[in-house]
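Data first, discussion second: the structure below is written as structure tokens.
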Amino acid sequence: GEALVDESSLTGEPRPVPKRPGDRVFAGTVSTDGALGVEATQSGQDTLLMRILHLVQEAQAQKSRLQRLSERFGQIYTPLVLGAATLVALLPPLAGLGSWPFWIYKGLLLVVVACPCALIISVPVAAVCAISTAARNGILTKGSFPLERLAQARFLALDKTGTLTQGRPELTEIAVWWEEMERRMGQALAPSSLRRLSLEEIEREALRLAAAMESPSEHPLAQALVRAARRQKLALPKVNGFKNLPGQGVQGRIGGVEYFVGGARLAQRLGHSLEPLEPLLAEREARGQIVLFLMTQEALLGLFILEDALRPHIPATLEQLKGLRLRPIVMLTGDRERTARRIGQEAGVDEVYASLLPEEKAERLRELQRQHGPGIMVGDGLNDAPVLAQAYVGVAMGASGSDVALEAADVALMSPDLGRLPIAVALGRAMLGVMRQNLAIALGMVGALMVGIWMPWFNLAWGVLGHEGSALLVILNGMRLLRWRSR
340 GEALVDESSL TGEPRPVPKR PGDRVFAGTV STDGALGVEA TQSGQDTLLM
390 RILHLVQEAQ AQKSRLQRLS ERFGQIYTPL VLGAATLVAL LPPLAGLGSW
440 PFWIYKGLLL VVVACPCALI ISVPVAAVCA ISTAARNGIL TKGSFPLERL
490 AQARFLALDK TGTLTQGRPE LTEIAVWWEE MERRMGQALA PSSLRRLSLE
540 EIEREALRLA AAMESPSEHP LAQALVRAAR RQKLALPKVN GFKNLPGQGV
590 QGRIGGVEYF VGGARLAQRL GHSLEPLEPL LAEREARGQI VLFLMTQEAL
640 LGLFILEDAL RPHIPATLEQ LKGLRLRPIV MLTGDRERTA RRIGQEAGVD
690 EVYASLLPEE KAERLRELQR QHGPGIMVGD GLNDAPVLAQ AYVGVAMGAS
740 GSDVALEAAD VALMSPDLGR LPIAVALGRA MLGVMRQNLA IALGMVGALM
790 VGIWMPWFNL AWGVLGHEGS ALLVILNGMR LLRWRSR
């Protein structure tokens, strides 16, 4: 059979791909129209979907150097303190340098002042407050580690579909063959009501007919026309004899008239000459836009331009990210070269890599990280999961992202607004600053107290006061992040 298959979850290509006998069909894709008989050529473990999941698991199993060092620190510091206190309590009296009570007291003082309470809570208190502030701003993270990594990242990579763009086609323009539409609308009016119709009225009628024709279809382009009609509160007429034409369009009868909605292929099949429209069609194709026609067997009636448009806030957001010294900004997409470059130019992206399969995206990101240092990857689809897991820090568009992408990512932006990413980066840098301050306070206080225990006036009360005071100080300093606001 023949059908249009939505492969966007795997490849990022927003347009359904026509499949004919002999074509390869991926597991995990969806037939948007038509029926297919599919022969399984690989087992479930060998499908592209399972390969993507395997890549995610491999990448997530890798631990960072900083993570390993932090795990080792906790295992070494406390035994060292206890060992040092034991030596202070035992060695001097054994060497005859003083009484046992005096040196045992000094050993206990060392345990009190060197106990790493302030040091241990200096990082977590800042982390908890930063995570709370991130959540209030619609940013969910898997702990504080992703925020730390956001602060350390040097460049940014983004997917196109659903990240830079809306993720679904929308109607942007309507054109009509005025005389044909006016004649057909005039026939439906009573003779006493005949008048010169406005262009707006004719365009609304063309949209009403096209949306009615497409309303039984689940195709993304069909639903774009239906959404446009609903926004204008148009009442859709009943369609009789609806028929889906796989890979071409739809046909049906409205008020006894046979209408067709589809692309250039269907128009040519019906015998309509598109020669005068070839420059327009070529230009729209180059811009990544889709052209649909409303027509009858005898004439073309209307033309609809649809596209997966750039999100309106994207250029300003990318400028903010460049101001945070994230350069270059790179697009990694499975979409076609011409479409990707047009979107990249409109968005203000520095480099564009198009027509990439999921594993190719991950490999390209590895190359970029070797070249530029640690990077952020932002995506939302199943096809982005391997590259999100491979990135120094992966960010998923949580409001519209796939479950696998959310699982692979370190950070989820809980809205389609990429404007939250500069907030996350700035918050991560603020968190790192507070962590460094807390570490300096904790280590400085421990150092001062360890010197103080050798002073004749220093007693246990001073040790407890300094120890607890430093803990309180790092807590209050960390809580400043609860009141943090992005500039």
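Using this note's numbering, read the sequence shown as starting at 340 and increasing by one per residue. Cβ atoms here follow ideal geometry from the backbone N, Cα and C, with glycine treated the same way.
- Judged by DSSP in its simplified three-state form, Q776 adopts helix.
- Just measuring C-alpha positions, the residue of L560, A545 and V565 sitting nearest S554 is V565.
- Around the beta carbon of I415, a 10 Å sphere encloses fewer than 16 other beta carbons of the protein chains shown; the residue is thus reported as exposed.
- In this structure, A779 is the residue among F643, W796 and A779 with its C-alpha nearest to the C-alpha of V462.
- When the beta-carbon positions are compared, M770 and A457 stay at least 8 Å from each other.
- Within the model, the alpha-carbon separation for Q684 versus I644 is close to 20 Å.
- In the DSSP assignment, G718 falls within the unbroken beta strand (DSSP E) covering G714 to G718.
- In the structure shown, the three-state DSSP call for V565 is helix.
- Judged by DSSP secondary structure, G683 falls within the alpha helix (DSSP H) whose first and last residues are E676 to A686.
- For the 8 Å CB-CB criterion, P355 and H558 form a contact.
- Residue pairing by DSSP leaves G673 without any beta bridge partner.
- Taken in chain order, the unbroken stretches of alpha helix (DSSP H) that lie wholly in the region 427–488 and span 4 residues or more are 439–453 and 456–475.
- In the three-state scheme derived from DSSP, where H, G and I count as helix and E and B as strand, M520 is classed as helix.
- Spanning the alpha carbons of R608 and M753 requires a straight line of approximately 46 Å.
- Excluding residues up to 5 positions away in sequence, nothing lies with its Cβ nearer than 8 Å to the Cβ of E699 in the same chain.
- Beyond the five residues adjoining it in sequence on each side, A625 comes within less than 8 Å, by CB distance, of R677 and R681 in the same chain, given in chain order.
- Within the same chain, and ignoring the five residues on either side of R703 in sequence, the residues whose Cβ sits closer than 7 Å to its Cβ are L671, Y692 and L695.
- Looking from the CA of S370, the closest CA among V344, V377, P360 and W796 belongs to V344.
- When DSSP states are grouped into helix, strand and coil, A366 belongs to the coil group.
- Within 10 angstroms of the beta-carbon of W442 lie 16 or more other beta-carbons, which makes it buried.
- Residue pairing for P357: DSSP places it in a beta bridge opposite L343.
- The DSSP-derived three-state label of N722 is helix.
- Shown here for G437: same chain residues with a beta carbon closer than 6 Å to its own, the five before and five after excluded, namely P431 in chain order.
- Around the beta carbon of H806, 16 or more other beta carbons sit within 10 angstroms, so the residue counts as buried.
- Using a Cβ distance threshold of 8 Å, Y598 and L639 do not count as a contacting pair.
- Between the region 656–672 and the region 488–505, the count of Cβ pairs shorter than 8 Å is three or higher; the stretches touch.
- Measuring C-alpha to C-alpha distances from I478 to each of V420, T656 and G767 identifies G767 as the nearest.
- Of the candidates G376, G446, L433 and P485, the residue whose Cα lies closest to the Cα of A765 is P485.
- Annotation for L495: the continuous beta strand (DSSP E) segment containing it runs F494 to L497.
- Only exposed fits T425, as fewer than 16 other CB atoms lie within 10 angstroms of its CB.
- Assignment of V578 by DSSP, reduced to helix, strand and coil, places it in the coil class.
- Judged by DSSP in its simplified three-state form, E512 adopts strand.
- Between the alpha carbons of L605 and A342 lies a gap of roughly 15 Å.
- The C-beta of D362 has fewer than 16 other C-beta atoms within 10 Å across all chains shown, which makes the residue exposed.
- CA-to-CA, the gap between Q710 and R493 works out to about 11 Å.
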